[in-house]
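Structure first, commentary second.
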Amino acid sequence: MPSDKVTVEFKDGKKITKYPGGKVEEQTKNDLERYKQFLIREKQRIDRHISLIDDDLAKMAV
Amino acid sequence: MQLHLKHRKASRIIKRVTEINTEGGLPKTGQTMIYQPGDDGSYQMGYPLGGGQRFIDNGDGTVIDTVTGLMWIKDPTQAGLGSPMYWYDAINACENLDFAGHDDWRLPNINELMSIVDHSRYNPAFDTFYFTPFPDTWTPYWSSTTNASWIDGAWALYPYDGYKTTWGKPWDMCFVRPVRGGQS
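In order, the protein sequences belong to chains D and W. When we follow numbering that gives the first Met the number 0, the leftmost residue of the first sequence carries the number 0, and every step to the right adds one. When we follow numbering that gives the first Met the number 0, the leftmost residue of the second sequence carries the number 0, and every step to the right adds one.
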């Protein structure tokens with residue numbers, strides 16, 4: 000579970016995370032969208048590698 | 000005067016680079032196999048030089064890395080850290096840990112964690128003589144380092160092959176391998 004001292008709120012189109020000690024971090028829609036796109040590309044790469052391994056496995060069938 | 004300061008700065012840089020080259024620097028990856036001339040296995044750059052012994056088992060459940068100076072817990076299960084946990088809990092568990100006479104354990108940062116990966120191995124990509132693996136090598140180890148591009152996630156490392164990835168701090172559970180020492 001997250002620390003109960005960390006709070007999250009959504010305000011003015013931003014995700015605002017407040018940490019113990021008063022530090023505040025904001026994530027914009029752009030920040031999250033960019034990281035999402037990165038993950039989607041990573042997912043595509045993983046799918047491509049799985050497919051290459053599947054090809055090899057198919058050729059190993061006895 | 001300016002030329003003198005410039006010269007002093009240059010001397011300091013040369014001294015530091017010489018120190019690193021002769022006394023330390025980045026650890027070797029462990030890879031010795033040459034897949035292509037010019038690759039890692041060809042050069043095997045890093046420390047220790049000449050294939051010398053890198054890790055020392057202290058016999059009290061801890062291991063010293065002679066390249067980085069860091070002390071690791073050989074088997075986290077022996078320190079009561081045998082199960083995956085959330086990131087915040089992982090940090091707290093390390094901060095509150097008292098093991099082998101030391102109470103300054105902490106969750107390693109991602110560079111520290113990557114420093115013990117041996118890229119000549121997999122499942123796990125660690126020297127299991129010094130780092131007792133968890134039976135599940137498909138669950139990563141937490142680092143204390145937040146992913147700057149997604150602060151809900153922290154960097155983590157798969158013991159299976161040393162792959163660096165990001166897992167969600169409040170949602171995902173990873174293993175913990177505490178560390179102490181190092182430069183601050």
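For each residue, glycine too, the CB sits at the ideal point set by N, CA and C.
Could you give the residue range of the beta strand (DSSP E) that holds residue 152 of chain W? Here the beta strand (DSSP E) through residue 152 of chain W covers 152 to 156.
Can you find a C-beta in chain W that's less than 9 Å from the C-beta of residue 0 of chain D? Because the pLDDT of residue 0 of chain D is 46, which lies under 50, any placement of that residue in the model is unreliable, and the number read from its coordinates should be weighed accordingly. Taking 9 Å as the threshold, the shortest C-beta distance from residue 0 of chain D to chain W falls below it.
Of all Cβ atoms in chain D, is any one closer than 9 Å to the Cβ of residue 150 of chain W? Chain D contact via Cβ: present.
Closest by C-alpha distance to residue 128 of chain W, when choosing among W:52, W:87, W:140 and W:165: If we check each option's Cα against that of residue 128 of chain W, W:52 comes out closest.
Does the region 32 to 41 of chain W touch the region 52 to 60 of chain D, meaning 3 or more C-beta pairs lie closer than 8 Å? In short, these stretches do not touch, since the Cβ pair count stays below three.
Rank W:104, W:83, W:131 and W:148 by C-alpha distance to the C-alpha of residue 33 of chain D and give the top, closest one. Distances from the alpha-carbon of residue 33 of chain D to those of W:104, W:83, W:131 and W:148 put W:148 closest.
With 8 Å as the C-beta to C-beta threshold (strictly closer), list the residues of the region 12 to 24 of chain D near chain W in chain order. Under the 8 Å Cβ criterion, the region 12 to 24 of chain D contributes 16 and 24.
Proximity test, Cβ basis, 9 Å: residue 139 of chain W and chain D: By this cut-off, residue 139 of chain W is not an interface position.
At a cut-off of 8 Å, is residue 1 of chain W close to the ligand NAD when judged by its beta-carbon and the heavy atoms of the ligand? Within the structure as shown, the ligand NAD is missing, as the structure has no ligands at all.
Check for me: the beta strand (DSSP E) holding residue 14 of chain D runs from which residue to which? For residue 14 of chain D, the enclosing beta strand (DSSP E) begins and ends at 13 to 17.
So if I threshold CB-CB distances at 8 Å, which residues from the region 21 to 47 of chain D count as touching chain W? So the close ones are 24, 26, 30, 31, 33, 34 and 37.
Beta-carbon proximity of residue 83 of chain W to residue 176 of chain W, cut-off 9 Å: Their beta carbons are not under 9 Å apart, which means residue 83 of chain W does not touch residue 176 of chain W by this criterion.
Supposed contact pair residue 139 of chain W and residue 156 of chain W - C-beta distance, whole angstroms, cut 8 Å: About 6 Å; that satisfies the 8 Å criterion.
Every unbroken alpha helix (DSSP H) inside the region 62 to 146 of chain W [4 residues or more]: Every alpha helix (DSSP H) stretch that sits fully inside the region 62 to 146 of chain W and reaches 4 residues is listed by chain position as 86 to 94 and 109 to 114.
For residue 123 of chain W and residue 28 of chain W, I'd like the C-alpha separation in whole angstroms. Distance between the alpha carbons of residue 123 of chain W and residue 28 of chain W: 14 Å.
C-alpha distance - residue 80 of chain W paired with residue 16 of chain D, whole-angstrom precision: Between the alpha carbons of residue 80 of chain W and residue 16 of chain D lies a distance of about 28 Å.
Please report the residue range of the alpha helix (DSSP H) in which residue 43 of chain D lies. Segment 28 to 59, the alpha helix (DSSP H) holding residue 43 of chain D.
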